[in-house]
Amino acid sequence: MSIRDNILSIKDEISNEVKLVAVSKTRSIDEIKEAYDSNQKIFGENRVQEIVEKHQLLPDDIEWHMIGHLQKNKVKYISNFITLIHSLDRISLAAEIDKCAKKSNRKIDCLIQLKISSEETKFGLDTRLLEDFYSDIQKYENINIVGLMGMASFTENQQKISDEFSQIKELYDIMNLKNSKIKNLSIGMSDDYRLAIEKGSNMIRVGSKIFGKRSY
Ligand SMILES: *Cc1c(COP(=O)(O)O)cnc(C)c1O
Numbered sequence: 001m002s003i004r005d006n007i008l009s010i011k012d013e014i015s016n017e018v019k020l021v022a023v024s025k026t027r028s029i030d031e032i033k034e035a036y037d038s039n040q041k042i043f044g045e046n047r048v049q050e051i052v053e054k055h056q057l058l059p060d061d062i063e064w065h066m067i068g069h070l071q072k073n074k075v076k077y078i079s080n081f082i083t084l085i086h087s088l089d090r091i092s093l094a095a096e097i098d099k100c101a102k103k104s105n106r107k108i109d110c111l112i113q114l115k116i117s118s119e120e121t122k123f124g125l126d127t128r129l130l131e132d133f134y135s136d137i138q139k140y141e142n143i144n145i146v147g148l149m150g151m152a153s154f155t156e157n158q159q160k161i162s163d164e165f166s167q168i169k170e171l172y173d174i175m176n177l178k179n180s181k182i183k184n185l186s187i188g189m190s191d192d193y194r195l196a197i198e199k200g201s202n203m204i205r206v207g208s209k210i211f212g213k214r215s216y
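Residue numbering for the sequence shown follows the working numbering, starting at 1 and increasing by one per position.
So, in structure tokens, the structure goes:
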């Protein structure tokens with residue numbers, strides 16, 4: 001199947017309410033162009049240098065999403081063009097995003113990344129801290145919190161993944177009821193996006209199912 005076929009078949013399968021973020025990390029400009037020409041306009045990357053280069057080389061109507069761990073000292077390179085940051089997980093990062101957004105005269109949309117997996121290596125905010133974190137960052141006027149993001153454990157155990165998605169959905173529902181700006185739930189990747197959508201995802205981040213297996 002071609003990149004185009006893969007995108008069409010995923011879009012065919014999901015409803016219009018679910019946004020597809022094509023995860024283009026490690027992919028070439030030509031591969032991304034093929035996706036773009038198949039009417040895919042949202043791309044996600046996890047490295048600052050890569051997203052900056054690709055943003056410069058590709059059409060202006062692409063929405064670029066930062067989906068990976070973000071270092072404070074690199075925020076300045078993306079703050080003038082980034083559409084959505086999925087990986088806001090600490091106050092110091094919020095302060096830096098706010099500062100850079102101000103300089104660019106923008107308000108930057110962010111998702112709070114929650115740690116829902118039991119794995120040690122994953123980034124994300126402890127779910128127990130969400131309420132305090134959310135109220136603490138209200139002071140940052142150039143940040144717009146528009147939802148939550150999570151990554152399930154890397155496991156074959158579907159029940160475990162399902163429980164982790166349910167946990168974040170519950171928190172999302174509570175926040176969404178209180179604040180209509182909270183309207184994006186970014187969960188689900190190539191191997192688990194169907195389950196994620198069943199659990200309430202409205203933003204899926206799909207890489208290998210579109211572009212094929214990554215070779216680093
Ligand atoms: C790489 C990546 C994805 C996509 O992974 P696939 O399994 O290739 O779909 C989604 N989210 C994040 C945060 C990633 O780093």
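Beta carbons are placed, not taken as given, at the ideal position from N, Cα and C, and that holds for glycine.
It should be emphasised that the depicted structure is a prediction, and the values quoted were computed from it without experimental measurement.
Ligand 1 and M175: does the residue's C-beta get closer than 6 Å to at least one heavy atom of that ligand?
Not under cutoff, so the answer is no.
Based on the DSSP output, what are the partners of V23 in its beta bridges?
DSSP output for V23 lists G44 as bridge partner(s).
Would you mind working out which of R106, K178, E13, K33 sits nearest I204, comparing C-alpha positions?
When only C-alpha atoms are compared, the closest one is E13.
Roughly how many angstroms separate the alpha carbons of Q56 and K76, rounded to a whole number?
Computed Cα separation, rounded: 15 Å.
Going by Cα to Cα distance, which pick from S215, G200, S201 is closest to G207?
Nearest of S215, G200, S201 to G207, Cα basis: S215.
Would you identify the three-state DSSP class for M189, choosing helix, strand or coil?
Three-state DSSP puts M189 in coil, outside helix and strand.
Quick one: using the 10 Å Cβ neighbour count with 16 as the cut-off for buried, is F165 buried or exposed?
Result: buried.
Taking the straight line between their C-alpha atoms, what separation do you get for D126 and I82?
For D126 and I82, the distance between alpha carbons rounds to 25 Å.
Take the Cβ of Q49 as the centre, count every other Cβ of all protein chains shown within 10 Å, and call the residue buried at 16 or more, exposed below.
Looking at its Cβ environment, which holds fewer than 16 other Cβ atoms inside 10 Å, Q49 is exposed.
For R205, does the three-state DSSP call read helix, strand or coil?
Three-state DSSP puts R205 in a strand.
Output the distance between the C-alpha atoms of K226 and Q158, rounded to the nearest integer angstrom.
Since the first and last residues shown for the chain are 1 and 216, residue 226 lies out of range.
Could you compute how far the alpha carbon of K107 sits from the alpha carbon of I143?
Computed Cα separation, rounded: 5 Å.
Is the Cβ of D192 closer than 7 Å to any Cβ of chain C?
Here chain C cannot be found, since the structure has a single protein chain.
Near ligand 1, which residues have their beta-carbon closer than 5 Å to a heavy atom?
Listed along the chain, these residues meet the criterion: V23, N46, I67, M189, S190, R205, V206, G207, S208.
Tell me which same chain residues have a C-beta within less than 8 Å of the C-beta of N6, skipping the five on either side of it?
Hits under 8 Å: K209, I210, F211.
Hey, out of S92, H86, L129, whose CA is closest to I182's CA?
Considering only alpha carbons, the answer is H86.
What does DSSP give as the partner residues of Q113 in its beta bridges?
The partner list for Q113 (beta bridge, DSSP) reads M149.
Among L171, K213, Y193, whose alpha-carbon lies nearest the alpha-carbon of I116?
Of the candidates L171, K213, Y193, the one whose C-alpha sits nearest the C-alpha of I116 is L171.
With contact counted as at least three CB pairs below 8 Å, one residue from each stretch, are the segment 61 to 68 and the segment 89 to 97 in contact?
Verdict: no, contact absent.
Give me the residue from W64, M1, N39, N16 with the minimum Cα distance to K25.
Comparing Cα-Cα distances from K25 to each of W64, M1, N39, N16, the minimum goes to W64.
Taking all protein chains shown into account, do 16 or more other C-beta atoms lie within 10 angstroms of the C-beta of N179, making it buried, or fewer, making it exposed?
Exposed, because fewer than 16 other Cβ atoms sit within 10 Å of the Cβ of N179.
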